[in-house]
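Enquirer: One structure, pasted below without further comment.
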Amino acid sequence: MTKRIVFPREVLLVEVERWCGDPSCHARTRLALTKGEARAYTGFECARCERWNEDALTERDIPEWWEEFKITSLEGVRPVAAEGSAAEGSGEPVARLSDAWKRLGGRRGDGGAED
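Right, here's the structure in full:
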């Protein structure tokens, strides 16, 4: 009986080039990513020194797919770095804008009543 070797096929989305953040290394690393890997991408391991480098894809890396990735929320699949501070920090701008909108709406309502 012969054994089969099966290689799963996935279409490569993009190949990106990154440099190690360690000043003594600064080696170039090339990464080939599929769509699933690109969505989960949070960094890379240097090929020379094996140091982990935090990283994120930008529009410049994947211009053809950027809109699709933003719609399907790249950030939605990434782990949150600091659980407490990120959750509080992300709601703060929304709360400030909501308060400002309410104040602006109140002035318009008052101004319209006086005229």
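Residue numbers (the working numbering): -15 to 99.
Backbone N, C-alpha and C fix where the C-beta goes; we use that ideal spot for every residue, glycine too.
(1) Within the stretch 11 to 64, note down every full alpha helix (DSSP H) run reaching 4 residues or more, in order along the chain.
(2) If you drop the 5 nearest sequence neighbours on each side, which residues of the same chain put their C-beta closer than 7 angstroms to that of residue 27?
(3) With a threshold of 6 angstroms on Cβ separation, who are the neighbours of residue 46 within its own chain once the five nearest residues in sequence on each side are excluded?
(4) Taking the alpha carbon of residue 42 as the point to measure from, which residue in 29, 32 and 23 has its own alpha carbon closest?
(5) How would you label residue 30, buried or exposed, when you count the other beta carbons within 10 angstroms and need 16 or more for buried?
(6) In terms of residues, what are the limits of the beta strand (DSSP E) holding residue 2?
(7) Going by the beta-carbon positions, is the gap between residue 14 and residue 3 smaller than 8 angstroms?
Expert: According to the data block:
(1) You should have 19 to 24 and 50 to 55.
(2) Indexing the sequence shown from 1 puts residue 27 at position 43. Sequence-distant partners of residue 27 (beyond 5 residues in either direction) whose C-beta falls short of 7 angstroms from its own C-beta, in its chain, are 36, 37, 38 and 39.
(3) Looking up residue 46 in the sequence shown gives position 62. In chain order, -2 place their CB closer than 6 angstroms to the CB of residue 46, counting only its own chain and leaving out the 5 sequence neighbours on each side.
(4) Here residue 42 refers to the residue found at position 58 of the sequence shown. Closest option to residue 42, Cα to Cα, is 23.
(5) Against the sequence shown, residue 30 aligns to sequence position 46. Buried.
(6) The residue you call residue 2 lines up with position 18 of the sequence shown. That run of the beta strand (DSSP E) goes -4 to 3.
(7) Here residue 14 refers to the residue found at position 30 of the sequence shown. Here residue 3 refers to the residue found at position 19 of the sequence shown. No, these two residues do not count as a Cβ contact at 8 angstroms.
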